[in-house]
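A.B. asks: Note that this note's numbering has the sequence shown beginning at 627, numbered continuously upward. What follows is a structure written as structure tokens; I'll ask about it next.
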Amino acid sequence: MALFLSRFDNKVDRKGRVSVPASFRADLTSDAFAGVVAFPSPGNPGAIDGCDIGRMKQLADGIDSFNPFSAEYGDLATAILTKSHRLPFDGEGRIILPQQLLQHADITTMATFAGRGATFQIWAPEAYEIYEVEATERAREQAARFELQRRDMIVAGE
627 MALFLSRFDN KVDRKGRVSV PASFRADLTS DAFAGVVAFP SPGNPGAIDG CDIGRMKQLA
687 DGIDSFNPFS AEYGDLATAI LTKSHRLPFD GEGRIILPQQ LLQHADITTM ATFAGRGATF
747 QIWAPEAYEI YEVEATERAR EQAARFELQR RDMIVAGE
């Protein structure tokens, strides 16, 4: 299973080509597909979500667990599967970000790759800086609540 960690800032050329971090590329190459599957992030409007083909198949399987005629199925299929792009590596380990994704994330000359475990995100560096500060503050608050819940479980004998 892929494990995407850390943060990398890479240059984007005028054709939308960007080098994928080497540590990410190692987890993005399989017999099925060597490249990135990318789509506009439903959870973070300024980000592009990226993953390997195996993770995308897991997401598709999860979406398929809904009634195919339900609104939930239609919404998730449209937001994720319909807007996804298979972006193969070129000989130099780069991908070409489609214009729709560049515009969605407002990426021009630089792109920030942010590891998130089984997935990663691609941001405009300035937008990511703002998100990272806000997310870190929320994480501090959540961590404090988590400790309290964990301590309560221990005291309760669970």
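The beta-carbon is built from N, C-alpha and C at its ideal position, and this holds for glycine as well.
May I have the straight-line CA-CA distance separating Asp675 from Pro668, to the nearest angstrom?
C.D. replies: For Asp675 and Pro668, the distance between alpha carbons rounds to 8 Å.
A.B. asks: Quick check: what's the CA-CA separation for Gln729 versus Ser696?
C.D. replies: Rounded to the nearest angstrom, the two C-alpha atoms are 30 Å apart.
A.B. asks: Give every residue of the same chain whose Cβ lies closer than 6 Å to the Cβ of Gly741, excluding the five residues on either side of it in the sequence, and list them in chain order.
C.D. replies: If we look at Gly741 and ignore the five residues flanking it on each side, its Cβ neighbours are Phe630, Leu631, Ser632.
A.B. asks: Using the Cα positions of Ala664 and Phe650, report the straight-line distance between them to the nearest angstrom.
C.D. replies: For Ala664 and Phe650, the distance between alpha carbons rounds to 13 Å.
A.B. asks: Relative to the C-alpha of Met682, which residue among Phe692, Tyr754, Phe659 is closest?
C.D. replies: Cα-wise, what sits closest to Met682 is Phe659.
A.B. asks: Is Thr738 buried or exposed, if buried means 16 or more other CB atoms sit within 10 Å of its CB?
C.D. replies: Per the 10 Å Cβ criterion, buried.
A.B. asks: Give a yes or no on whether the C-beta atoms belonging to Ile616 and Ala750 are separated by under 7 Å.
C.D. replies: The requested residue 616 is not part of the displayed model; the chain covers only 627 to 784.
A.B. asks: Taking a contact to mean a Cβ-Cβ separation below 7 Å, would you say Asp678 touches Ala628 in this structure?
C.D. replies: Their beta carbons are under 7 Å apart, which means Asp678 touches Ala628 by this criterion.
A.B. asks: My guess is that Val662 and Leu713 are in contact by the Cβ rule of under 8 Å, so how many angstroms apart are they, rounded?
C.D. replies: Rounded, the Cβ-Cβ distance is 5 Å, consistent with contact.
A.B. asks: Using CA coordinates, which residue listed in Gln747, Ala770, Met736 is at the minimum distance from Lys641?
C.D. replies: Closest option to Lys641, Cα to Cα, is Met736.
A.B. asks: Beta-carbon within less than 6 Å of Ile722's beta-carbon, same chain only, minus the 5 sequence neighbours each way: which residues are those?
C.D. replies: Here the set comprises Gly642, Arg643.
A.B. asks: If you follow the alpha helix (DSSP H) that Phe634 is in, where does it begin and where does it stop?
C.D. replies: Phe634 -> not in any alpha helix (DSSP H); beta strand (DSSP E) instead, spanning 633-637.
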